[in-house]
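Residues in the sequence shown are numbered from 51 upward in steps of one, following the working numbering. These notes are about the structure you will find just below.
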Amino acid sequence: MNKKNYISIELKRKLKALPLLLLSTVILSIFIGIIAYIAFLYANDNKDVSKKKIVFMSEDNAMTTKLMVSSIKASKSLNAILRVYQIKPKTATDEYVDNLFKNDEMVAYVHIPKNFLHNLHIGKNPPIEIRYGDNNLLYSLFIMEMATAAQNTLRSAQSGLYTLYDYLDEVDKTYKYDDYYADLDLTYLSKAFERENVFIQFELSKTGELPLHLHYVAMGIILIFLLLSSLFLFYDNYEENFLKYKLHISGFSYLSQTLLNIFVNTIVLYIISIIMYLCILILGKFIDIPVKIYFLSYLLTMLVLCLFSAAFSHFLGGLFSKLHFSIISYFSIIIISSYISGYFVPSIFLPGIFEKISDFLFSKHILMVFSSVFTGEIIYNSIIILLIHVQIFIITGIIITSFKLNGYKRRK
């Protein structure tokens, strides 16, 4: 038997099981979808958008500050997930604000101090008070990240404004600064609104490069293929040392057996990924799917994911002599590493040590690679790390197979 015939036989054998694999994919999709939904509810237990309020209180009477607050209140993207309100300084007593939090009537309170913009222009750094509620962690996270983004924007804007102030100081005309900065603010703000289409996307969550809903979509697809690969533990029958030994004496080296097995399993998984993509396209003809998928990134990402899944299942299948040990170990490693990497619950809600550990786990790099499906930006470093994992699985698998079959040969 030559290698082409062997590949043909293995492909036919596993493609016959394709209906069962597709059925398993559907079952896993439902199962993981339920897990993702429960995890989302865990992070945010209240789904009523109208009850999610962020309250602004501004003591700054500058026209630019008023325009900024008004633009935030009118933001469609913000109003899609919460409601923005503004209250008067006289109303915003400590007791009033505390009661709003106590009654769970708002998720955040933003206090802009008096003369905020003026102090910002002359080099002072007046603090903006932002308070978060004890509940609604997900929304608090969103607002915290939004505040960080605003802070970075102010930092870059300040450098330009200070340059103007320093210039006027050198020519001894700082007395004209108050006249200049009002016009400058309005000009800057109007130009920023004209260019708002530049800011297409940015990271607003502690879920890698993806917003929360795409994070759970990515998590679901990744886990489907990782868990689906466990079925190869049954089909490849790693306990059958006799067959491997016969193939070896027929001219199939341990390396050839390992590579051919991983190659065939990768092809089968890749076919399923293409079918999944076609189903998404067909579904998109009937319903509006608010997810943009970059086709070339999808092809590359799924190839890496399928290759990794096939190599990992082959490695664990050969590592244990008993099938049930392989299956238990496979599922345990996948679920535990996924949890630590923030698949089920965003990493910001997990202990800090988990984030450090996840840097060394394959699950985090798979998620980073998969983000390119929705962003179009391929993360080559993570791809290289995953390919190194594949090489380690192959080399280790060859050593284990060689050791086992040499023992089988001696017993024979």
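For glycine and all other residues, C-beta sits at the position ideal for the given N, C-alpha and C. Since the model is a prediction, treat every value here as computed from it, not as a measurement.
(1) What residues are listed by DSSP as bridge partners for F106?
(2) Please classify G402 as buried or exposed, where buried requires at least 16 neighbouring CB atoms within 10 angstroms.
(3) Going by C-alpha distance, which of F443, F424, I416 and P69 is nearest Y430?
(4) For S432 and L283, which I take to be in contact (beta-carbon distance under 8 Å), what is that distance rounded to the nearest angstrom?
(5) Going along the chain, which residues of its own chain have a beta-carbon closer than 8 Å to the beta-carbon of L333, five neighbours each way excluded?
(6) Give me the residue from Y159, T308, C329 and I445 with the minimum Cα distance to D466.
(7) If you run the structure through DSSP and keep just helix, strand and coil, what is I330?
(8) Does the segment 351–371 touch the segment 314–333, meaning 3 or more C-beta pairs lie closer than 8 Å?
(9) Report the partner residues of E179 according to the DSSP bridge assignment.
(10) For the alpha helix (DSSP H) that contains L417, what are its first and last residues?
(11) What three-state label does DSSP hand S347 in the structure shown?
(12) Taking the continuous alpha helix (DSSP H) assigned at D144, which residues delimit it?
(13) Alpha helix (DSSP H) containing Y389: first to last residue?
(14) For the alpha helix (DSSP H) holding E405, just list the boundary residues, first then last.
(15) Using a Cβ-Cβ cutoff of less than 6 Å, which residues in the same chain neighbour I384 once the five nearest sequence positions on both sides are dropped?
(16) Pick out whichever of H439, K140, I312 and M269 has its Cα sitting closest to the Cα of S421.
(17) Given I137, which residues of its chain have a CB within under 7 Å of its CB, disregarding the five upstream and five downstream residues?
(18) Buried or exposed: where does N311 fall if 16 or more other Cβ atoms within 10 Å of its Cβ makes it buried?
(19) Check this for me: beta carbons of F424 and I343, under 9 Å apart or not?
(20) Taking N169 as the reference, give the member of N111, N153, L369 and L65 with the closest Cα.
(21) According to DSSP, simplified to helix, strand and coil, what is F394?
(22) When we look at the beta-carbon of K335 and count the other beta-carbons within 10 Å, is it buried (16 or more) or exposed?
(23) With DSSP collapsed to three states, give me the class of N111.
(24) Just verifying my parser: in three-state terms, what is the DSSP assignment at G426?
(25) If we ignore side chains and look at the alpha-carbon of each, how far apart do D409 and E145 end up?
On the basis of the supplied data:
(1) If you number the sequence shown from 1, residue 106 lands on position 56. For F106, which the question treats as bridged, DSSP gives the partners Q136 and V160.
(2) What you label residue 402 is simply residue 352 of the sequence shown in a count that begins at 1. Sixteen is the threshold: since fewer than 16 other Cβ atoms of the shown chains lie within 10 Å of the Cβ of G402, the residue is exposed.
(3) Position 380 of the sequence shown, counted from the first residue, corresponds to residue 430. Looking from the CA of Y430, the closest CA among F443, F424, I416 and P69 belongs to I416.
(4) Position 382 of the sequence shown, counted from the start, is the residue given in the question as residue 432. Position 233 of the sequence shown, counted from the start, is the residue given in the question as residue 283. With a Cβ gap of about 26 Å, S432 and L283 do not count as contacting.
(5) Sequence index remark: in the sequence shown, residue 333 carries index 283 (1-based). For L333, where only same-chain residues beyond five positions count, the Cβ hits under 8 Å are I339.
(6) Residue 466 cannot be examined here, being either before or after the span of the chain that is shown, 51 to 462.
(7) Reading the sequence shown from its first residue, position 280 is the one you call residue 330. Residue state, collapsed to three classes: helix.
(8) Enough Cβ pairs lie closer than 8 Å, so yes.
(9) Locating residue 179 in the sequence shown gives position 129, counting from the first residue. Answer is H161, bridged to E179.
(10) Your numbering for residue 417 matches position 367 in the sequence shown. Note, L417: alpha helix (DSSP H), F412 to F420.
(11) Mapped onto the sequence shown, residue 347 falls at position 297. Assignment of S347 by DSSP, reduced to helix, strand and coil, places it in the helix class.
(12) By 1-based counting over the sequence shown, the position of residue 144 is 94. D144 -> alpha helix (DSSP H) spans D144 to K152.
(13) Mapped onto the sequence shown, residue 389 falls at position 339. Counted as a single uninterrupted DSSP element, the alpha helix (DSSP H) harbouring Y389 occupies residues L373 to I390.
(14) One-based indexing of the sequence shown puts residue 405 at position 355. It spans G402 to S408 - the alpha helix (DSSP H) in which E405 sits, taken as one unbroken run.
(15) Numbered from its first residue, the sequence shown carries residue 384 at position 334. Cβ-Cβ distances below 6 Å link I384 to L276 in the same chain, with the five nearest sequence neighbours on each side left out; the list follows chain order.
(16) Translated into the one-based positions of the sequence shown, residue 421 becomes position 371. Considering only alpha carbons, the answer is M269.
(17) Counted from its first residue, the sequence shown places residue 137 at position 87. Cβ neighbours of I137 beyond the five flanking positions: V105 and M107.
(18) Taking the first residue of the sequence shown as 1, we reach residue 311 at position 261. Buried.
(19) Here residue 424 is taken as the residue at index 374 of the sequence shown, counted from 1. Here residue 343 is taken as the residue at index 293 of the sequence shown, counted from 1. It is a contact, given that the beta carbons lie within the stated cut-off.
(20) On the sequence shown, position 119 is the one that residue 169 refers to. Here the closest residue by C-alpha is N111.
(21) Indexing the sequence shown from 1 puts residue 394 at position 344. Coil, per DSSP.
(22) Residue numbering aside, residue 335 sits at position 285 when the sequence shown is read from its first letter. Flag for K335 reads exposed.
(23) Residue mapping note: residue 111 aligns to position 61 of the sequence shown, counting from 1. Reduced to three states, the DSSP call for N111 is coil.
(24) For the purposes of this step, residue 426 is taken as residue 376 along the sequence shown, with counting starting at 1. Coil, per DSSP.
(25) Walking along the sequence shown from the start, residue 409 turns up at place 359. Walking along the sequence shown from the start, residue 145 turns up at place 95. Cα-Cα distance, rounded: 44 Å.
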